[in-house]
Amino acid sequence: RSTQFCSTPGTQCFQKNDGWGSCLPSCEPGPNFQEPEWNNWWCKPLGPRSPGAAPWVQQKCAHGGENCAPKGCCATPGQQCYKQSPYYSKCKPSCEKGEKEHQWDTPWNCEKVGMRT
Numbered sequence: 001r002s003t004q005f006c007s008t009p010g011t012q013c014f015q016k017n018d019g020w021g022s023c024l025p026s027c028e029p030g031p032n033f034q035e036p037e038w039n040n041w042w043c044k045p046l047g048p049r050s051p052g053a054a055p056w057v058q059q060k061c062a063h064g065g066e067n068c069a070p071k072g073c074c075a076t077p078g079q080q081c082y083k084q085s086p087y088y089s090k091c092k093p094s095c096e097k098g099e100k101e102h103q104w105d106t107p108w109n110c111e112k113v114g115m116r117t
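Oh and the sequence shown: position 23 is 23 in the working numbering, straight run, nothing missing.
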């Protein structure tokens, strides 16, 4: 908490209370149910977010043309998971509603799924 800088890529220093902060990918105010004791987190961001994606992104997020909706994230930096239809989503740098990659394709609805990497 004193440095307000995280060395792990993709993390942010969040304030838990007056005396503690920690580097996390995200933070929700209130109790953290993964901690052994019930304590509320304030989740006030301290300092800048560390640049880059967190180390788990390459293992857990969608690659290439894989349907990204089930994972909700993209492994390639700068890409966003966009819905084409209720059955298919893909990681792309951008999306325009109604666009088609091929003449026979279903038009993209471009609803965002998860956060941009």
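Beta carbons are placed, not taken as given, at the ideal position from N, Cα and C, and that holds for glycine.
From the DSSP output, which residues share a beta bridge with residue i?
{"i": "E111", "result": "K83"}
{"i": "A64", "result": "Here residue 64 is Gly; the residue named in the question, Ala, does not match the sequence. G64 is not bridged to any residue."}
{"i": "N40", "result": "P31"}
Since I believe residue j is in contact with residue i (beta carbons under 8 Å), could you give me their beta-carbon distance rounded to a whole number of angstroms?
{"i": "Q12", "j": "C6", "result": "6 Å"}
{"i": "A69", "j": "V113", "result": "5 Å"}
{"i": "Q84", "j": "T106", "result": "6 Å"}
{"i": "Y82", "j": "E35", "result": "That belief does not hold up - the Cβ atoms of Y82 and E35 are roughly 35 Å apart, past 8 Å."}
{"i": "P31", "j": "C43", "result": "Not quite, the Cβ-Cβ distance comes to about 11 Å (not below 8 Å), so this is no contact."}
Does the beta-carbon of residue i have 16 or more other beta-carbons within 10 angstroms, so that it is buried, or is it exposed?
{"i": "G21", "result": "buried"}
{"i": "G10", "result": "buried"}
{"i": "Q79", "result": "buried"}
{"i": "S89", "result": "buried"}
Which of the three DSSP states is assigned to residue i in this structure?
{"i": "Q12", "result": "strand"}
Just reading off the beta strand (DSSP E) that residue i is part of, what are its end residues?
{"i": "C118", "result": "Here the chain comprises residues numbered 1 to 117, so residue 118 is not present and cannot be evaluated."}
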